[in-house]
Amino acid sequence: MLTVGFFLLGITIGSFLNVVIYRLNTNKSLGGRSACMSCTNQLSWYELIPIFSFLFLGGRCKNCKVKISPQYIFIELVAGIIFAMLFWKFQDIFFLSTTSFLVTYVYYALILSILLVVAVYDLKHKIIPDTLAFIFGSLAFVGMFFFASGGIFGVYNFGWHMPTMLEFSSGLIVAAPFALLWLVSRGKWMGLGDAKLALGIGWLLGVSSALSGVAVAFWSGSIIGIALLFISRKSKSDRIRMKSEIPFAPFLVFGTFLVFIFELNFFRF
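Counting from 1, position 56 in the sequence shown corresponds to residue 653 in the numbering used here; the numbering is continuous, with no gaps.
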């Protein structure tokens with residue numbers, strides 16, 4: 598029941614994350630009433646219920662009948678899964694200390710919510726907003742002083758922690774190869790935004806875990822890239838070619854999430 602409760606909390610937060618994704622770097626405020634992107638008709642309360650409204654309306658606006666982007670329900674579902682799995686990861690802390698659980702849960706829920714927005718925004722616009730990269734990096738850096746792995750139950754616990762020199766430099770170590778690829782290729786192989794994102798990932802996970810996440814990102818990115826290229830050739834479409842630009846942030850976020858939730862570590866140093 599608790600897991601279901603956190604899933605419902607996640608899909609509710611996911612509804613807000615959709616607003617952030619659509620309104621970020623526009624003249625629109627993050628507040629105010631939601632409206633249809635096509636006819637600008639303000640939505641009623643029953644049109645704003647996460648997941649259920651999309652299904653109830655058949656994926657169309659009640660007023661103009663224009664199709665609603667499946668991104669809405671996708672983000673809500675992913676956010677729900679993230680919030681539920683965060684509870685699954687920290688449930689032992691929940692039964693040990695409610696205060697520690699709340700601080701830990703809120704911190705990592707915020708971190709992963711930002712990463713979800715970054716992934717989808719990069720997928721839509723092929724750019725990582727500097728604002729989100731800065732907020733994520735700042736939170737990850739500050740978190741080094743208050744969250745450390747390997748404590749009670751082997752998970753990330755809230756409490757004062759003085760980072761080692763390796764932990765301090767972990768962000769720079771992980772970001773350096775991305776920055777080098779960007780510099781050498783003049784932005785053709787890798788965007789500078791990926792280096793900024795990798796900086797925060799290094800501080801969040803530590804060197805060995807972060808490199809494990811990067812490995813997962815490259816593996817999954819390669820698989821998806823090859824699959825898209827194969828499908829494009831089969832359908833005789835020119836949409837995907839060998840030189841086509843594919844956003845890398847979604848794969849970095851995916852790798853980070855898997856490593857963090859399941860504590861994957863391929864390097865152990």
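The beta-carbon is built from N, C-alpha and C at its ideal position, and this holds for glycine as well.
All of these numbers come straight from a predicted model, not from anything done at the bench.
Cα-Cα separation, residue i to residue j
i: Asn862; j: Ser806; result: 5 Å
i: Trp757; j: Lys785; result: 42 Å
i: Phe651; j: Leu780; result: 44 Å
i: Lys686; j: Phe744; result: 14 Å
i: Ile610; j: Phe684; result: 15 Å
i: Ser666; j: Phe691; result: 36 Å
i: Ala716; j: Ile618; result: 10 Å
i: Phe742; j: Lys664; result: 46 Å
i: Ile672; j: Pro647; result: 10 Å
i: Leu614; j: Lys625; result: 14 Å
Enclosing alpha helix (DSSP H) for residue i [first to last residue]
i: Thr589; result: Any property of residue 589 remains undetermined from this structure, which presents the chain solely from 598 to 866.
i: Asn615; result: 599 to 620
i: Trp757; result: Careful: Trp757 lies outside any alpha helix (DSSP H) and carries neither H nor E.
i: Ile732; result: 727 to 740
i: Ser697; result: 695 to 722
i: Ile798; result: 789 to 802
i: Pro847; result: 846 to 859
Close Cβ partners of residue i (< 8 Å) along its chain, the five nearest in sequence each way excluded
i: Ile679; result: Gly607, Ala706, Leu709, Ser710, Leu713, Phe854
i: Ala776; result: Leu789, Ala792
Exposure label - residue i; buried when at least 16 CB within 10 Å
i: Gly655; result: exposed
i: Glu842; result: exposed
i: Trp816; result: exposed
i: Met598; result: exposed
i: Asp719; result: buried
i: Ser612; result: buried
i: Ile670; result: buried
i: Phe653; result: exposed
i: Ser782; result: exposed
i: Gly768; result: buried
i: Gly740; result: buried
i: Val811; result: buried
i: Val601; result: exposed
Contact set for residue i: own chain, Cβ-Cβ below 7 Å, skip 5 residues either direction
i: Phe864; result: Ser805, Leu808, Ser809
i: Arg657; result: Val663, Lys664, Ile665
i: Ile798; result: Val771, Ala807, Gly810, Leu849, Thr853
Cut-off 6 Å between Cβ atoms - residues of its own chain near residue i, not counting five sequence neighbours on either side
i: Ala814; result: Phe848, Leu849, Gly852
i: Leu801; result: Ala737
Decide yes or no for the touch test of the segment 814 to 829 against the segment 688 to 706: beta carbon pairs closer than 8 Å, at least 3 of them. In short, these stretches do not touch, since the Cβ pair count stays below three.
Counting pairs of beta carbons, one from the segment 791 to 801 and one from the segment 725 to 733, are three or more of them closer than 8 Å? Contact between the segment 791 to 801 and the segment 725 to 733 is present, because at least three Cβ pairs lie under 8 Å.
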